[in-house]
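The sequence shown maps to residues 4 to 468 in this note's numbering.
Where a beta carbon is used, it is the ideal one built from N, C-alpha and C, also for glycine.
Here's the structure we're looking at; comments come further down.
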Amino acid sequence: MAGAVVAAATWVWLSWCIFPLRSWNDIRLAPSFALTLGLPLYPGADGAASTWMYGPLPVWLNWPATWMPGPGEALLVAGGINAGFQMAAILAVCLGWPTPRSGPVSVWGRLLAAAAVIALWPWANWQFLQADNYALACGLLANLVLARSRGEAGAWGAAVLATAGLMCKQTSLGVPLGQILWLAATAGVAPAAWQMARLAIAGCGWLAVLIATTDPSRAWFTAIVTPAGLPWARDLLERFMDLAPHFAAHLAAPIAVWLWLRRRRATDDLLLPTLVWLVAWLPGLASVFKIGGTLNNLQGFPIWLPPAVVVVTATLSRPPVGRVLQAALAVVTIAVLSGRIATRPVKIWQPLIVAYDDARDVSRQFPGQIWFPWNPLVTVFSEGRLYQVEDGLYVRALVGRPVPATQSTQHLPPKFSAMAVSNQGSTWGIAEKLLPAPLEAIDLGNWTLSRGPGGPAIVTEDVAP
């Protein structure tokens, strides 16, 4: 069992090491820095194109990253916050989920369950900064509080945490709806109605905080109008076929576990997360089949997973073969984690942020000239300026509200004549069109700089037309 815990910790560590190499994390952390620079969290139609179309809570939670001395260090802190919130929620559920029907389980058994959850947890949730990650953590904690609740305080805590998930991502409806259904099924209509009222009041409280800290019209455009305008995937059948194995797993596992527990009369322990899993399907599927949609939109399965593993572990712990079955679960967990570690996309054992140091040095040599369309944190630290991101321009074009060229240039470096992209990433092809031709491609090691006429006089042997 200790080996499974160590393997889980190693996997989370290695995922954290990869975190700064993902340009997506740079642009997703940028809104936290926008607030420190006095810029609006939601820029609105006339502001700098932003890719953040979600709730404000993850942006606020990542605030400590803005205290760091450089972009690489900031991303490491954000990666720690991202992993830490998920780990805290998983551990809390695995250590605290009640199992009166499935039977008692030791602390080591619960830690083994946590390791198994980490082994099965979506890998992208560790390596990418996603609003869904924070919504999942809020949802897990909300269900835990409600499942253990015996009074008003617990019910209110569950309502506040459930609606906090909506402040992370607007489509996180599974937990609040699942709570109402669970109370209706286990306690009656009146307790369910009272919880609905608590959810409404808590939601209004969060909404009041949002209105007090943002421009409501800009927030409406950025977080409601823009994501609502995203078109469906160009080929819905292709999207379905790509994700069909995952859909099958997300459906088969909860159904199989429910039938297995039913034979052992232990389904009551898993009723709340199962109801959440059921009602989370519709908003999740709607998002999956939009352009840019992927598995992170299916929140029901990850919210179901930790309590399910705990209940299964408790059931397997029954004598006389409990120890043997727990040992088998530990072996399987170690095998899964070993496979993930061996096949991770970047084979590093410690964080690498030297590329950000190089980019900041180049940007400081040529202030106001180089745009980093996928790494806006570079110029935050080199110039104290946050420029727009290419993905924001791409999204605005997708929803039929393209940013006019005259507006776009207002949110680019004042002497814009070059752009730099990490060799670990790519672009949508929009950024290059903003530079006057002809362009020269300059290899800077970790970065490729595209220089227009009159661009920064960087001397290097690796220059290509």
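DSSP three-state assignment for residue i, whether helix, strand or coil
i	result
Leu42	coil
Ser35	helix
Ile214	helix
Leu281	helix
Thr451	strand
Val339	helix
Ala200	helix
Ile121	helix
Pro468	Confidence in Pro468 is poor, its pLDDT being 42 and thus under 50, which makes the residue's placement unreliable; the coordinate value appears in the next sentence. If DSSP states are grouped into helix, strand and coil, Pro468 belongs with coil.
Lys436	helix
Ile373	strand
Arg235	Residue identity check: residue 235 is Trp in the sequence provided, not Arg. In this structure, Trp235 counts as strand in the three-state DSSP scheme.
Residue burial classification, residue i (beta-carbon count within 10 angstroms, cutoff 16)
i	result
Ser35	buried
Lys172	buried
Gly387	exposed
Asn426	exposed
Pro56	First, the residue type needs correcting, since residue 56 is Met and not Pro in the sequence shown. Under this definition Met56 is a buried residue.
Ile258	exposed
Phe29	According to the sequence provided, residue 29 is Asp. The question's Phe does not apply to it. That one is buried.
Cys141	buried
Gly6	exposed
Ile21	buried
Gly448	exposed
Asp245	exposed
Ala207	In the sequence as presented, Ala is not what sits at residue 207; that position holds Cys. Answer is exposed; the Cβ neighbour count stays below 16.
Leu239	exposed
Val475	Residue 475 lies beyond the range of the chain shown here (4 to 468); nothing can be said about it.
N-terminal and C-terminal residue of the alpha helix (DSSP H) that residue i is part of
i	result
Pro242	Before going on, a small fix: residue 242 reads as Arg here, not Pro. Start and end: Leu239 to Arg266.
Ser18	Ala5 to Ile21
Asp361	Val357 to Gln368
Asp135	Ala134 to Arg151
Gly160	Glu155 to Cys171
Gly181	Gly177 to Thr189
Val312	Gly303 to Leu319
Gln130	Trp126 to Gln130
Ala222	Pro219 to Trp223
Terminal residues of the beta strand (DSSP E) in which residue i lies
i	result
Leu383	Checking the sequence shown, residue 383 turns out to be Val, not Leu. Premise fails: Val383 lies in the alpha helix (DSSP H), Leu380 to Ser385, not in any beta strand (DSSP E).
Ile445	Glu443 to Asp446
Original post:
Below 8 angstroms, can you find three or more Cβ-Cβ pairs linking the stretch 178-190 to the stretch 136-156?
Top reply: yes
**OP:** Say whether the stretch 218-230 touches the stretch 184-191, bearing in mind that this needs 3 or more beta-carbon pairs closer than 8 angstroms, one atom from each stretch.
**Re:** no
**OP:** Please go through the stretch 73-107 and give each complete alpha helix (DSSP H) segment of 4 or more residues, from N-terminal end onward.
**Re:** 74-99
**OP:** Entirely within the stretch 391-427 and at least 4 residues each: give me those alpha helix (DSSP H) ranges in chain order.
**Re:** 393-401 and 408-412
Original post:
Is the number of C-beta pairs between the stretch 160-174 and the stretch 125-138 that are closer than 8 angstroms three or more?
Top reply: Output reads yes: the stretch 125-138 touches the stretch 160-174.
Original post:
Are the stretch 105-125 and the stretch 296-313 touching, with three or more C-beta to C-beta distances below 8 angstroms?
Top reply: Pairwise C-beta distances place the stretch 105-125 in contact with the stretch 296-313, as three or more of them are shorter than 8 angstroms.
Original post:
Is the number of C-beta pairs between the stretch 348-355 and the stretch 363-378 that are closer than 8 angstroms three or more?
Top reply: no
Original post:
Using 8 angstroms as the threshold, is the stretch 421-438 in touch with the stretch 392-408, meaning 3 or more CB pairs across them?
Top reply: yes
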